[in-house]
Each structure stands twice: as structure tokens, then as C-alpha cells.
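Enquirer: Counting with our numbering, you get residues 1 to 277 for the letters of the sequence shown.
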Amino acid sequence: MKISKNLRNASLLFILSIMFAGTTQAQSDSPYEWKWVRDGIWTGAGIVGSGYGLLLIQEKDDITEAELNQLNTEDINFLDRWVAGNSSEKANSISDIPFAFSFTAPFILLFDDEVNDHTGQVLGLYLESMATTGAMYAITAGLVNRSRPYVYDTENDLNRRLSNNGQRSFYSGHVAAAATATFFTAKVFSDFNPDAKGKAWIWAGAATVPAVVGYFRLQAGQHFLTDVLLGYGLGATVGILVPELHKIKSDRLSFYPTGGRNQLGIQYNALAMNYRF
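#1: State the beta-bridge partners of Lys247 as determined by DSSP.
#2: Classify Arg148 as helix, strand or coil using the three-state DSSP reduction.
#3: May I ask you to check if the CB of Thr182 is nearer than 7 Å to at least one heavy atom of the ligand NAP?
#4: Could you tell me which residues DSSP puts in a beta bridge with Arg168?
#5: Between which two residues does the alpha helix (DSSP H) carrying Glu89 extend?
#6: Determine the direct distance from the alpha carbon of Tyr232 to that of Asp112, and round the result to whole angstroms.
#7: What's the call for Gly214, buried or exposed, on a 16-neighbour Cβ count within 10 Å?
#8: Grab me the residues of Ile94's own chain with a C-beta within less than 6 Å of its C-beta, minus the 5 sequence neighbours each way, in chain order.
#9: Secondary structure at Thr23, three-state DSSP: helix, strand or coil?
#10: Taking C-beta to C-beta, are Glu29 and Asp117 nearer than 8 Å?
#11: Should Trp34 be labelled buried (16 or more other beta-carbon atoms within 10 Å of its own) or exposed?
#12: Does DSSP put Leu127 in a helix, a strand or coil?
#13: Once you ignore the five residues that flank Ala84 on each side, which residues in its own chain have a CB closer than 7 Å to its CB?
#14: Is the segment 156-172 in contact with the segment 237-250, if contact means three or more CB pairs nearer than 8 Å?
#15: Buried or exposed: Gly173, going by 16 or more other Cβ atoms within 10 Å of its Cβ?
#16: When the cut-off is 8 Å and only beta carbons count, does Asp62 lie next to chain B?
#17: What distance in whole Å lies between the Cβ atoms of Gly46 and Ala179, which are believed to be in contact at a cut-off of 8 Å?
#18: Have a look at Thr226 and Pro194 and give me their C-alpha separation to the nearest angstrom.
#19: Ser163 by DSSP, collapsed to three states: which one?
#20: Out of curiosity, what's the CA-to-CA distance linking Ser190 and Lys199?
#21: Could you check where the alpha helix (DSSP H) with His118 kicks off and where it finishes?
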């Protein structure tokens, strides 16, 4: 079952992060700071939240034929209406390819010497990022009912259209997870290698992979455009923000209030920035 497989993968990743934690070198050599209590609670909350969301998803009710017959494409906003009725099994299968690749992207970082010296730390941050995205998606999908585009396909199998799985269009978990993984990869590489050439290509790749996933999810009738866009935005935000929040604060940069009078005699108050090179 997919849910059990995902939980096993999450557990394996967590174990790997613990195994490699001892290889982490001095914090000063890494742009990030890992705190076991804070990050342990954060990651644990994400895993628990994901599990809770999966329970909500499993307990969702199927829709009735009467509710199905009330669905009308005219009630869908103009951004999403064109997707209603899509139902390509081939596109659904193809979407799994870039989706699976996105999960391996952060492990490519380990071939970089700068990153490889902090394997445990990076794997911990990756698990934390994915747990955050997983909890946000699972709880939302468990609480919100929105029919997938394929439910509007009258030639589709009736049981499939009535199934509770068809009520999880909002929002795209595939795209959110893929965006978290790829943008996390680009962010971490950039932070470890701020002067590296070709970073633009890495960021371009990070943006492209979840977009490809989203395209095929639309063609498969699994999600509407707004579902994909929201998943993309949230996933990318988590992938960038989690590493950013863990960056070691530089004591070379400081802010302080200042004031006085300028050459025109006008009194002013301001916030000054000081950076020591």
C-alpha cells in the first residue's frame, strides 16, 4: 500500500540521518545550524502531522451518485474548467517518473565535497523539510473535499468516480513534495557553494522538475491548475525556507538605530546597517 511504503521510506531516511550524524564536522564549516531539541520536535511534529493527515484521508467518505450528478463544470472557475474531464492513465504513470527522481535529487548533493562533510546535517534538514510538506498536504487533503478532474469524466468507471480518492484534488501533494525536494537541493547547494558557476542551471532544473510533474498530473485529471500552482508554491517555499531558517547568523552584519540632523538641518531617525569585511 502506498501509505505504508511512504512511511517506511520516511523511517529509513530518518535512520540514515541518525547514522550519518556522527560524520558532521565543525558547525563553522557549514552554513547551517542543527539543534537536536528544536529540530527533533519540528521533525517529529511533521511526521505525526503526516500520519494524522493520512488517517483523515483514509476516513473520508465516498460521494453518492446524487452528489455526483450535481457536479457541473460550469461551477468551476475559469482557470480550472478546462481541466475537468481529463483522465489519462498514461499521463498518471508518466508523472511518477519525475516525481520519483525529485526525491533522489538531494542525495546528489552528497557528491559535492562541501556538502558531503555534513551528510547527517543535510539529511536531517531534508527529512525536516519533507515532513513539513507532508504534514501540510496530508492534513489539508484529509479535511478538504474537492472532486478531481477525472470525476467529471462521464465515461470513467463509476466506482472510481464515487471513491473518496476522487475527493482529494486540493491540493497537489505530488507537486508539493517534488518542489520541496528540488528547491531544497538548489538552496543547499547554493548555500554551500555561494561562488559556484552554473547555479542558474541548478535553480532552473529545480523549477522544471515539479512543473513537469504538475503538467502530467493535469493531463491525468488528478488535479486542477490551481491545485498544482498552490502545491508548487508551498513546496518551493518549504524547500527554500527550512534551510534558510537554519543558517548560522553572521556577526559581521549588524543593525542599529541612529539619528541626528542632516546638512539641511532636518532631524531624522533611521536604522543603520553595518557589515564588517
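By construction, the Cβ of each residue, glycine as well, lies at the ideal position given by its N, Cα and C atoms.
Expert: By the coordinates alone:
#1: The partner list for Lys247 (beta bridge, DSSP) reads Tyr32.
#2: Arg148: coil per DSSP, three-state reduction.
#3: In the structure on display, the ligand NAP does not appear, and there are no ligands present to speak of.
#4: Beta-bridge pairing links Arg168 to Arg146.
#5: Residues Glu89 to Ile108.
#6: The straight-line gap from Cα to Cα measures roughly 27 Å.
#7: Flag for Gly214 reads buried.
#8: The beta carbon of Ile94 sits closer than 6 Å to the beta carbons of Phe216 from its chain, once the five residues preceding and following it are set aside; these are given in chain order.
#9: Bear in mind that a pLDDT of 40 at Thr23, under 50, signals an unreliable position, so the number given afterwards is only what the model happens to contain. Three-state DSSP puts Thr23 in a helix.
#10: The displayed chain sequence assigns Asp, not Glu, to residue 29. For Asp29 and Asp117, yes; Cβs fall inside 8 Å.
#11: Counting C-beta atoms within 10 angstroms of its own C-beta, Trp34 has 16 or more neighbours from the protein chains shown and is therefore classed as buried.
#12: In the structure shown, Leu127 falls within a helical segment according to DSSP collapsed to helix, strand and coil.
#13: Within the same chain, Ala84 has close Cβ partners Thr73, Ile76, Pro149 and Tyr152.
#14: The segment 156-172 is not in contact with the segment 237-250.
#15: In the assembly as shown, Gly173 is a buried residue. Its beta-carbon has 16 or more other beta-carbons within 10 Å.
#16: In summary, chain B is missing from the structure at hand, where a single protein chain is found.
#17: Between Ala179 and Gly46 a beta carbon distance of about 16 Å is seen, past the 8 Å cut, so the two are scored as non-contacting.
#18: In this structure, the straight-line span from the alpha carbon of Thr226 to that of Pro194 is close to 34 Å.
#19: Coil, per DSSP.
#20: Each residue's alpha carbon lies about 7 Å from the other.
#21: If you look at His118, you'll find it isn't in any alpha helix (DSSP H); DSSP assigns it neither H nor E.
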